[in-house]
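Quick note: the sequence shown uses our numbering, first residue 1271, plus one each step. The beta-carbon is built from N, C-alpha and C at its ideal position, and this holds for glycine as well. Encoded as structure tokens, the structure appears first; notes follow it.
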Amino acid sequence: MPGLINEEDLATVRERSRIEDVVGSYVTLRPGGGGALVGLCPFHDEKTPSFRVTPTRGFYYCFGCNKGGDVIGFVQEINNSSFVEAVEFLADRVGVQLRFTDGGGGNRVEPGLRSRILEANRLAAEFFAAQLGTPEAVAGRQFLAERGFDRDAAEHFGVGFAPMGGRDLAKHLRGHKFSDDELVKASLIREGGGWDYFQGRLVWPIRDAGRSVLGFGARRLFDDDRMPAKYINTRETPVYKKSNVLYGLDLARQNIAKKNQAVVVEGYTDVMAAHLAGVDTAVASCGTAFGDDHARLLSRLIGSSDALKGEVVFTFDGDAAGQAAALKVFAGDQHFISQTYVAIEPTGLDPCDLRIQSGDAAVRELVARREPLYRYVMANTIAGFDLDRVDGRLEALRAAAPLVGSVRDNSLVNGYIHELAKMLGSDVDEVRREVARAGRRKVAPSSDRHREPEPPPSDEQPALGLPMPNPRDRGLEVERGTLRLMVRAPEAFEQGWNDTAVDDFTHPAYRAIFEAILAAGTPASDWPQPVVQAAADPTAVQVIAALATEPLLRPASPTYAAEYVAKLKLLSVSRTIANLKSKLQRTNPVDDQPSYNRMFATLLEFEKQRRELTERAAGPAL
């Protein structure tokens, strides 16, 4: 089995990895009151933020999908990685060199490889940038100049040049003590000969939101290039996943969050042109079509509390390929929380060419002229029909009606009905009826006989052991509130948690959490991390994360804690009294007088406890 991470190193990684910074690399967070931060959940689609991060406790929790945990758990979930991989990711981020106990091999990325790849990429980016100024790179500089990019622009975007020799980068990185095996795994040299992966090409570094270089994109410059493709990209590596990266994100991220807007262009030079023209929210996919993962990434970054105010604008060429790309985006539009628009230059120019021909203002105007994706697709849908004929208009209406019905913002549906009626020259009521019929066909239930059986839980996603408690269950609010206070303010309790007992909790998850609290021992500065470690059940861990992020209704104090425990015990005693009364009713006082008298005496004692607890629990509502 793989060796274990040194406990001291693990503690250092936890201490240095600020959860708000890590989560903030994936989600736009805004103040949510009570010291918490809120944003759109990265694990499920939502319009209203239910995702909370509590920096003081180091936990996150989503009240929509019930996912939660600490900073390591977040990285595991967002990157679909193991515990060790998540720790290595964070260690790379905060500059901790992990030590492992002796152990055999495993199927995971070897320790330290991620950080080595990132460092190799950083040095490679510096090397390529320096090479752009050499005589050999004159073709690269000419390429940039022809597209309106000067030396300052090249430096701003980190554009570089890969020498034609084929071994220059490898030699440079070997001088920095990198092995060929590491460079192959970083996709910087080729396997079986050690040739540079990029040769004689203009190179763009692809960075994450934290400006770490994940990989590169490279453009062909010379006719004798052995690689026929105009553009090539880094192969997938432990740090580079093409479906999860966007070129320009390092420069655009803050502006995307601030303006609630992202502009998606098609290439590296388009990103450069857009940013230099003032469209500083521009990004592009790298070596692959814009996909669902990219859409979810942008939705998280936009992160507007009013989702319909945010917008994603796509720029496409005005040719058939651009129209096809727009239709593909439309097919995945439901992945966007924000409104989706398209901006197409009528002459077919992309942002880079448009800037060359008409200047910066034209690029800004292109984005400003955006039109809703639905309207664009609707117009392209009916363009294929003969609207001069009655049957042609009817066929066009039937083709376009489902598009109108799929608009997520219901307030816009009526407007699109009128637009479609105008495009077709049809009666508005006729269009409205057809849209309604399309909606009914869409939601028509299928027969149970044809329903696919639900697959059993996979080994990769096992079912949770304990049931998840409903946080809004009023019958359990005292149990939850007591645990919330224990997790967030243990200093408010006296020794022995004010005599709280396991039997005071009725829900299995709450009971398991209190058992974990007892097992965690004396609260310390890293509380409630020991509670998480003591809780073996995944449901309990998620609820602990939720409790750590939920605001307290009053400032924590010994009086507040005492009132909560009194209410908890009052409920426990009341349950006991109810059971005793039920048992007394079933006992004949004549036939079994001793038992009856014992139970009656016990009932009187519990009634006395209830009166005392009622007095102790008196106070402001919890």
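Query	Result
Nonlocal neighbours in the same chain, by C-beta distance under 7 Å from E1290, ignoring five residues either side	L1299, L1307, V1323, P1325
For G1580 and I1572, believed in contact at Cβ under 8 Å, the rounded distance	4 Å
Spatial distance of F1584 from R1707 (CA atoms)	31 Å
Span separating the alpha-carbon of K1500 from that of R1490	5 Å
Three-state class that DSSP yields for Q1242 in the structure shown	Any property of residue 1242 remains undetermined from this structure, which presents the chain solely from 1271 to 1892.
Three-state secondary structure assigned by DSSP to T1792	coil
Reference V1283; option with closest CA among V1364, T1770, P1621, A1479	V1364
Beta-ladder partner(s) of Y1501, from DSSP	R1489
Runs of beta strand (DSSP E) lying entirely within the stretch 1512–1557, each at least 3 residues, in chain order	1531–1535, 1552–1555
Which residues DSSP lists as bridging R1477, in chain order	V1483
Cα-Cα separation between E1885 and N1349, rounded to whole angstroms	51 Å
Residue burial classification, P1737 (beta-carbon count within 10 angstroms, cutoff 16)	exposed
Touching by the beta-carbon criterion (3+ pairs, under 8 Å), the stretch 1788–1805 and the stretch 1860–1869	no
Residues sharing a beta bridge with F1329, DSSP	T1324, D1340
7 Å Cβ shell around P1760 - same chain, five flanking residues per side excluded	P1793, W1797
Backbone CA spacing between I1387 and I1459 [nearest angstrom]	12 Å
Y1834 (DSSP reduced to helix, strand or coil)	helix
Limits of the alpha helix (DSSP H) - the one that R1300 falls within	From DSSP, R1300 is part of no alpha helix (DSSP H) but of the beta strand (DSSP E) over 1300–1303.
Rounded separation between F1902 and L1439 - CA only	Lying outside 1271 to 1892, the shown extent of the chain, residue 1902 is not represented and no answer is given.
Which residues DSSP lists as bridging A1613, in chain order	T1585
For A1836 and T1872, the rounded distance between their alpha carbons	20 Å
The stretch 1329–1339 contacting the stretch 1806–1816, beta-carbon criterion three pairs below 8 Å	yes
Status (buried if at least 16 other CB within 10 Å, exposed otherwise) for V1366	buried
Identity of the residue in E1689, D1743, M1497, P1672 nearest G1709 by Cα	P1672
CB contact flag (F1784, F1775, <8 Å)	yes
Where R1824 sits in the DSSP three-state scheme	coil
Secondary structure, beta strand (DSSP E): runs of 3+ residues fully inside the stretch 1351–1437	1430–1432
Segment contact flag, the stretch 1453–1468 with the stretch 1512–1521, C-beta cutoff 8 Å, min 3 pairs	no
Cβ-based burial, L1874 [other Cβ within 10 Å; buried from 16]	exposed
8 Å contact criterion, which A1547 and V1633 should meet: CB distance rounded	4 Å
Between the CA atoms of D1658 and V1705 - distance to the nearest angstrom	21 Å
Three-state secondary structure assigned by DSSP to D1562	helix
L1307 - partner residues in DSSP beta bridges	P1301, V1323
Buried or exposed by the 16-neighbour rule on C-beta atoms within 10 Å, applied to D1769	exposed
Inter-residue Cα distance where the pair is V1748 and A1771	14 Å
Cβ contact (3+ pairs, closer than 8 Å) linking the stretch 1521–1538 and the stretch 1405–1415	no
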